[in-house]
Structures are given as C-alpha cells and as structure tokens.
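**Student:** This is the structure I want to talk about, given as structure tokens.
Protein chains: 2
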Amino acid sequence: MPSRLIVSRELADLFKLLAHPDRLRLVEELGAGEMDVTGLADALDLPATRISQHLALLRAQRLVEERRDGRNHFYRLSNPHLAAWVLDALPFIDIRQRLEDAEHFDSARALWSAREPQSSSSK
Amino acid sequence: MPSRLIVSRELADLFKLLAHPDRLRLVEELGAGEMDVTGLADALDLPATRISQHLALLRAQRLVEERRDGRNHFYRLSNPHLAAWVLDALPFIDIRQRLEDAEHFDSARALWSAREPQSSSSK
DNA sequence: CCCAAGCCTGCAAGAGTTTGCAGGTTTGCA
DNA sequence: TGCAAACCTGCAAACTCTTGCAGGCTTGGG
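First to last, the protein sequences are chains A and B.
Residue 83 is where the first sequence starts when you use the working numbering, and the numbers rise one by one after that.
Residue 83 is where the second sequence starts when you use the working numbering, and the numbers rise one by one after that.
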C-alpha cells in the first residue's frame, strides 16, 4: 500500500497552496482573527480581486472558512494553529542572506508579528 | 520598512521548495539520518537523476548539506528539526477525503513513519 | 425598482516548474 | 592507463501557476 506516497502528495498540495507570499500573509492576517475581503485587501495593500482569487484556492482545500454577513464575506482559518505552524518555519529559512535588518530568527519573527503603521510606507 | 514582505517571500520560497512529493519524501528520508544518492533513489524508487535534481534545489537553499566520500555523495538535513516540522503539517491536510485507510491523523503519521518492506509493491 | 458596494468566476498571456535525456566530471580499481 | 560506478548539469517539451481584466451575482439602501 503506497500510503506514504498518498500522504506526501497531500502534503505537497498543502505546501503548494502556501507557497505564495500573498497567501502566507493572508494566513498570518487571519491568524489574528476573522476578516472580510476588503479588510484583507487593505491590510495587504493588494487589489480585492487578487485576494478573492487567493481565498478561493485556500477555500478549495478547506484551509479557511467563509461566513457571509450581508454583502461582506468574512474569512477565518479552519484550524487556528496554522498561522503559528507557518511561523515555526522561520528557523529553516536562510534569511540571514537577504534580510540585513534581522540578526536573529527571533527578530525576524518579531518583525513579522509587529503591527506596523499601515500608512506611510508603500509596498 | 517592508520587513514582512521580505519575510513572506522568503517563507514562500521555502514552501515552494517543499511543495513537491518527491522532495518531501527526501526530507522525511533524511530525517532518519544521512544517506547517499543511490540509497535515496532506491528508497524512493525513482531514477537517480531525478533525485540529484531535487537535491540540487534543496542544496541551493541550504536545506541539506553534502558530504563526499569517494564516489558517493552523502546528504543530510541542515536542520534536523525540519522533518518533524513537516509532519506537524498533517493536521492541516484534508486527508480524510482521499486516504480511506487512515481514520485519524495519528494513523496517517504512523503510516508515513512506518518502514514498509521496500520490495513487493511498486510505486 | 434601481444603483452601487462587495465579492466571485472565466479567461488568456506570461512566467515558472518538472522531467527525461544527452553528455560531463570525479573516483576507485585492475 | 582504461573502465565503470556514482553523480552532476544543461536543455527543451510539457505542464502548471499567476494575474489583470471583463463580466456576473447578491445584498442593502434610497
């Protein structure tokens, strides 16, 4: 029984789904609580259409759940632990090469989690 | 400072690298200790060329390290925790839909970890 | 009833990934 | 020195993913 093959394919699909900067940021944003599409678009500074397309993918694999309230569609993580698990990957990235600001992985985590003022600096 | 953008891109690169069944199996195999290319090719039942190509990608992002001994190239995980972290993703996959054998995530983990006889059953 | 806000889907061009194959390098052994 | 084992790299065809755009649906307010 090639169970390991099946599991590895399923896992690969999950990793594929998360293998996009926008979607990772969505997951982290939703880790803080549910939010509607416009709110997510504002938070990530991306067109709402793109957010919607990413959410459709996350929805298709049941990583997020939808709740409709009037015209707004609110999304939340199906499993709230997902955001923390994603951040657990920080020790594995070779961040030292390209993020000069952060001397340690801990500060990288802090940088991510920090709620920056969403106004002045663009992308 | 768009630190979060940089971190999300780095993380996405990591996820992209792991978003392939063969490479996930390589990581799990190497989680048990170092192995040479032929050994990995036998373990995964794949052509050695393909293994080599996957390893080149993992090496480029420093997820694995190489040690040469004569004609053999032995590979090991740069960070041994990687394999365990990958398995921590099992609760997030919607495995119930497609792996009828496994009733619970725990058994999926067990199925993965189980050392199956590598002989009879093909792929 | 009509409009606009908020969101969704389909599509196609461009970009990126995967894979087998051909050909190369290095090492060990006779 | 010659040969074979064990790997590595480059390439091109096939495939998949991304993204903006055009268009569609539903809801709430006037």
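Note that beta-carbon positions come from the ideal geometry of N, C-alpha and C, so glycine has one too.
Nothing here was measured: the structure is a model prediction, and the numbers come from that model.
1. Check ARG150 of chain A in the structure and name its three-state DSSP category.
2. For the alpha helix (DSSP H) holding LEU112 of chain A, just list the boundary residues, first then last.
3. Got a sec: is the Cβ-Cβ distance from GLN135 of chain A to anything in chain B below 8 Å?
4. If you draw a straight line from the C-alpha of LEU164 of chain A to the C-alpha of LEU112 of chain B, how long is it?
5. What are the boundary residues of the alpha helix (DSSP H) that GLU92 of chain B is part of?
6. Is the beta carbon of ASN161 of chain B closer than 8 Å to that of PHE174 of chain A?
7. Between the C-alpha atoms of ASP170 of chain B and ARG149 of chain B, what's the straight-line distance to the nearest angstrom?
8. Return the residue from the list B:PHE156, B:GLY152 and B:ALA114 that minimises the CA-CA distance to SER134 of chain B.
9. Is there at least one Cβ from chain A nearer than 8 Å to ASN161 of chain B's Cβ?
10. Should ASP127 of chain A go down as buried or exposed, given a rule of 16 or more other Cβ atoms within 10 Å for buried?
11. In terms of residues, what are the limits of the alpha helix (DSSP H) holding SER160 of chain A?
12. Can you say whether PRO129 of chain B is buried or exposed, counting buried as having 16 or more other CB atoms within 10 angstroms of its CB?
13. DSSP three-state label for ASP124 of chain A, please.
14. Compute the beta-carbon to beta-carbon distance between LEU140 of chain B and LEU108 of chain B, rounded to the nearest angstrom, for a pair I have assumed lies under 8 Å.
15. Cα-Cα, which of B:HIS102, B:ARG153 and B:GLN143 is closest to LEU87 of chain A?
16. Classify ARG105 of chain B as buried or exposed, calling it buried when 16 or more other Cβ atoms lie within 10 Å of its own Cβ.
17. Are there any heavy atoms of the ligand FMN lying less than 7 Å away from the beta-carbon of GLU92 of chain B, as far as the coordinates show?
18. Would you list the one or two residues that DSSP bridges to HIS155 of chain B?
19. Out of A:ALA114, A:GLU92 and A:LEU100, which has the shortest C-alpha to C-alpha gap to ARG158 of chain A?
20. Would you kindly check if the distance between the Cβ of ARG144 of chain A and the Cβ of ASP176 of chain B is under 8 Å?
21. For THR120 of chain A and TRP167 of chain B, I'd like the C-alpha separation in whole angstroms.
22. With a threshold of 6 Å on Cβ separation, who are the neighbours of GLU110 of chain A within its own chain once the five nearest residues in sequence on each side are excluded?
**Tutor:** On the basis of the supplied data:
1. Here DSSP, grouped into helix, strand and coil, assigns ARG150 of chain A to strand.
2. It spans 103-113 - the alpha helix (DSSP H) in which LEU112 of chain A sits, taken as one unbroken run.
3. No, because no Cβ of chain B sits closer than 8 Å to the Cβ of GLN135 of chain A.
4. Each residue's alpha carbon lies about 25 Å from the other.
5. Unbroken alpha helix (DSSP H) run through GLU92 of chain B: 85-100.
6. Closer than 8 Å, so yes.
7. One C-alpha to the other measures close to 28 Å.
8. Nearest C-alpha to SER134 of chain B: B:PHE156.
9. Cβ-Cβ to chain A under 8 Å: yes for ASN161 of chain B.
10. Here ASP127 of chain A is exposed. Its C-beta has fewer than 16 other C-beta atoms within 10 Å.
11. Membership of SER160 of chain A in any alpha helix (DSSP H) is not indicated, and neither H nor E is assigned to it by DSSP.
12. Exposed, by the Cβ-count rule.
13. If DSSP states are grouped into helix, strand and coil, ASP124 of chain A belongs with the helices.
14. Your pair LEU140 of chain B and LEU108 of chain B checks out as a contact, with CB atoms roughly 7 Å apart and the cut at 8 Å.
15. Out of B:HIS102, B:ARG153 and B:GLN143, B:HIS102 has the C-alpha closest to the C-alpha of LEU87 of chain A.
16. Within a 10 Å sphere around the beta-carbon of ARG105 of chain B sit 16 or more other beta-carbons, which makes this residue buried.
17. For the ligand FMN, the structure offers nothing, since it holds no ligand at all.
18. Looking at the DSSP output, HIS155 of chain B bridges to B:ARG150.
19. Nearest C-alpha to ARG158 of chain A: A:ALA114.
20. Closer than 8 Å, so yes.
21. Taken atom to atom, the span from the alpha-carbon of THR120 of chain A to that of TRP167 of chain B is near 33 Å.
22. In the same chain as GLU110 of chain A, and ignoring 5 residues on each side of it, the C-beta atoms closer than 6 Å to its own belong to ALA165, in chain order.
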